[in-house]
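Here is the structure we will look at.
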Amino acid sequence: MQNRTAVSSSFITAGCLLLSYALPAAELSTPELPALQLAPKLSVSGLSSGGYMANQFHLAFSDKVSGAGIIAAGPYGCAQNSLPVALEHCFNKDSSAPDLAKAAALLQQQAAAGSIAPLSNLSGSPVFLLHGTADKTVHSKVSDALATQYQQLGAKVQYVSDKAFGHNFPTADVGAGCELSEAPYLGACGYDAAGALLKHLYPNLSAKAAKTTGQLLTLKQHDLTGDTAASLGETGYIYIPQSCTKGSSCTLHISFHGCKQYAGAVGDAYAKGTGLNEWADSNNMVVLYPQTEKSAMAPFNPNGCWDWWGYTDGNYANQQGPQLKAVMALAKAIGFKG
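This note's numbering applies: residue 11 is where the sequence shown begins, and numbers increase by one.
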């Protein structure tokens, strides 16, 4: 139990905890979902534990996921379904690094079993990675290993690793000091990470909207995902541009929050603060913000982290993983047909 607390506590500092709460989003129940015309491929992003989850979702469903934007996280299989391995190799220790040989063996095993999509799908897939030189929570070796893993899989990688960002989601002007790793864990860096990652995933984006005109709505995740929702919170969020409610063909982007950043802790703060919605608004893009919840019992997740070390079960990183299944079910419930 002590080790489980340690890994969760480590990601408190990685979790983008916001002090000030935005106004609550409008509640959207299942019958009120607009009829969305979503493209058959989606993209993902995430910070810290959410970055690990974005990577897992990308590789597990690479036949449906066109690309990923990942901030301050490590490679697929870093933890090897082991909490001690996660603590030793996947955080901030200078003396160790992720074992990419074991991770590669796991990937091959999962692909051969059909529990993740064929690895050949990763060839040419756009991947944006970011790690700040002032990040004291996730060591550069960990993010470097993620870059190497994607390169070995043939992905089209853009890796930003030379900027003095702390362990945060860099924004143009929202958050605390850029080099800091403290609440609200959004770094006012004069750097639009949301725009940088989306422009790599979608090179022909229009300029972001100066002000959003769509709606940020709440989703009743348990109603929408049924039995798969065991480790999700009751409330999720979705940003829908006006154009997407009027029949336009739209792209789905899923963004995963970090620890201590789930709806029960910060409301809709992450869903409003990263800058993704401004880009989505002018580019016919729906942004889904699935939410975890904390748990002091099994599965032990006191800080509402996404599972990248196996607290749900041994399938956590493949298509049968409880959270991967739940988020895909949520995507399909809002209209994704990939």
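Idealized CB from N, CA, C, for every residue including glycine.
Which residue's Cα is closest to the Cα of residue i: the options?
i	options	result
A339	V152, H232, G56	H232
K304	K256, Y321, Y212, S292	Y321
H263	S76, L43, Q66, N214	S76
G79	G87, G56, N294	G56
G176	Q159, A182, Y195	Y195
D317	L46, P50, N91	N91
P94	P108, I81, A82	P108
N344	S135, C254, N178	According to the sequence provided, residue 344 is Ile. The question's Asn does not apply to it. Closest by alpha carbon: C254.
F266	P50, L46, A45, N65	N65
L352	A122, D323, F67, A275	Outside the displayed range of the chain (11 to 348) lies residue 352, so it cannot be described from this structure.
N102	I248, A144, A220	A144
N131	K146, L286, Q161, S153	Q161
K230	G243, K221, V170	G243
A220	K74, Y212, A182, P128	A182
K335	S216, L234, A114, P128	L234
How big is the Cα-Cα spacing for residue i and residue j?
i	j	result
K347	L48	7 angstroms
C260	V296	7 angstroms
G84	H149	9 angstroms
S58	Q252	31 angstroms
T245	L298	12 angstroms
S116	S72	Before going further, note that residue 116 is Leu rather than Ser in the sequence given. Near 16 angstroms, if we compare the C-alpha coordinates of S72 and L116.
A341	G268	19 angstroms
S191	G142	11 angstroms
G236	N293	31 angstroms
L140	C315	20 angstroms
K256	K218	20 angstroms
A96	V337	23 angstroms
A8	G134	This structure does not reach residue 8, given that the chain is present from 11 up to 348, and the question cannot be answered.
K173	S105	23 angstroms
P41	T284	Unreliable positioning characterises P41 in this predicted model, as indicated by a pLDDT of 44, which lies under 50. The coordinate reading is nonetheless provided below. Going from the Cα of P41 to the Cα of T284 covers about 29 angstroms.
G187	T238	39 angstroms
D291	A281	14 angstroms
A82	V54	14 angstroms
P300	G274	12 angstroms
V350	F179	The displayed coordinates of the chain run from 11 to 348. Any statement about residue 350 would go beyond what the structure contains.
Y201	Y247	24 angstroms
A279	A198	15 angstroms
M63	D323	14 angstroms
L29	T147	With a pLDDT of 26 at L29, under the threshold of 50, the modelled position of that residue is not reliable, and no figure is offered here.
L38	A45	Confidence at L38 is low in this model, with a pLDDT of 47, below 50, so its placement is unreliable and the value that follows should be read with caution. Cα-Cα distance, rounded: 13 angstroms.
P136	G124	23 angstroms
M307	G61	24 angstroms
S153	A114	16 angstroms
P50	L129	19 angstroms
Y31	P309	Because Y31 sits at a pLDDT of 30, beneath the cut-off of 50, its placement in the model cannot be relied upon, and the point is left open.
Q159	E189	27 angstroms
G185	V276	14 angstroms
Y212	K112	32 angstroms
Using beta carbons (cut-off 7 angstroms, strictly below), is residue i in contact with chain D?
i	result
Y249	Checking the listed chains, one finds no chain D in this structure; it contains a single protein chain.
Does the Cβ-Cβ distance between residue i and residue j come in under 7 angstroms?
i	j	result
Y326	T302	no
W360	A204	One cannot answer for residue 360 here, as it falls past the ends of the chain, which runs 11 to 348.
K270	N311	no
H99	Q168	no
L110	A157	no
Q330	S241	no
I126	L163	no
Y249	N287	yes
L43	F138	no
N328	Q118	no
Per DSSP, which one or two residues make a beta bridge with residue i?
i	result
M295	T261
K173	Bridge partners of K173: none, in fact.
I81	L57, L140
I344	According to DSSP, which records beta bridges pairwise, I344 is partnered with nothing at all.
Q47	S259
T223	Partner(s): none; T223 has no beta bridge.
K166	P136
L196	F179
G187	A198
N311	S305
V75	L52
Following a CB-centred definition, is residue i positioned closer than 6 angstroms to any heavy atom of the ligand ZN?
i	result
K335	Absent from the structure shown: the ligand ZN. Ligands present: none.
Sufficient close CB pairs (3 or more, under 8 angstroms) joining the segment 85-93 to the segment 225-242: no
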